[in-house]
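Down below is the structure, laid out as structure tokens.
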Amino acid sequence: MKDRLEHARWEAQQASDRLSEELGTQVYIRPVLAVYGPKVPWLVATIREVDVFNGDRLRKYLRRNATIKDRPKLSAGEIEQIYAAAARVLPLNNGAERTPVG
33 MKDRLEHARW EAQQASDRLS EELGTQVYIR PVLAVYGPKV PWLVATIREV DVFNGDRLRK
93 YLRRNATIKD RPKLSAGEIE QIYAAAARVL PLNNGAERTP VG
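Using the working numbering, you'd call the opening residue of the sequence shown number 33 and step up by one each time.
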């Protein structure tokens with residue numbers, strides 16, 4: 033699983049770099065790895081700076097992280113800007129296409 037953890041960190045850094053450059057401000061992307069298939073014996077474990085959890089816990093993971101107080105909250109306008117920038121600069125389908133979302 034070490035290779036998958038490293039790949040998740042690499043992908044998150046690539047997304048952060050591209051969005052930060054496009055928006056002209058630092059955008060942090062948290063690397064996560066959702067495991068489907070065999071159940072992992074923990075709720076969320078941070079391994080090599082990657083949050084790892086069962087795929088069926090994704091909704092709970094996102095909701096929990098949205099309520100963490102020390103993280104800055106994004107406005108609707110900021111979310112829209114990031115979404116639009118992601119559609120412009122992030123590849124879809126493993127890089128096979130660069131078609132904007134929406």
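Glycine is no exception: its CB is placed at the ideal position from the N, C-alpha and C atoms.
Residue i, enclosing beta strand (DSSP E) - first and last residue
{"i": "V82", "result": "82-86"}
{"i": "I79", "result": "77-79"}
Extent of the continuous alpha helix (DSSP H) run through residue i
{"i": "I111", "result": "108-121"}
{"i": "W42", "result": "34-55"}
Distance between beta carbons of residue j and residue i, contact taken as under 8 Å
{"i": "Y60", "j": "V76", "result": "Not really, about 18 Å apart at Cβ, beyond 8 Å."}
{"i": "D49", "j": "R62", "result": "Between R62 and D49 the Cβ distance is about 15 Å, and since that is not below 8 Å, they are no contact."}
{"i": "E54", "j": "R120", "result": "6 Å"}
Simplified DSSP state of residue i, which is helix, strand or coil
{"i": "L65", "result": "strand"}
{"i": "G134", "result": "At G134, the pLDDT of 40 sits below 50, so the modelled position is not reliable and the matter cannot be decided from this model."}
{"i": "E95", "result": "Going by the sequence as given, residue 95 is Arg instead of Glu. Three-state DSSP puts R95 in a helix."}
{"i": "R89", "result": "helix"}
Residue j beta carbon less than 8 Å from that of residue i
{"i": "L37", "j": "A66", "result": "no"}
{"i": "Q58", "j": "S52", "result": "yes"}
{"i": "A47", "j": "V64", "result": "no"}
{"i": "G87", "j": "Y115", "result": "no"}
Test: residue i CB closer than 8 Å to a CB of chain B
{"i": "A119", "result": "No chain B is part of this structure, which consists of one protein chain only."}
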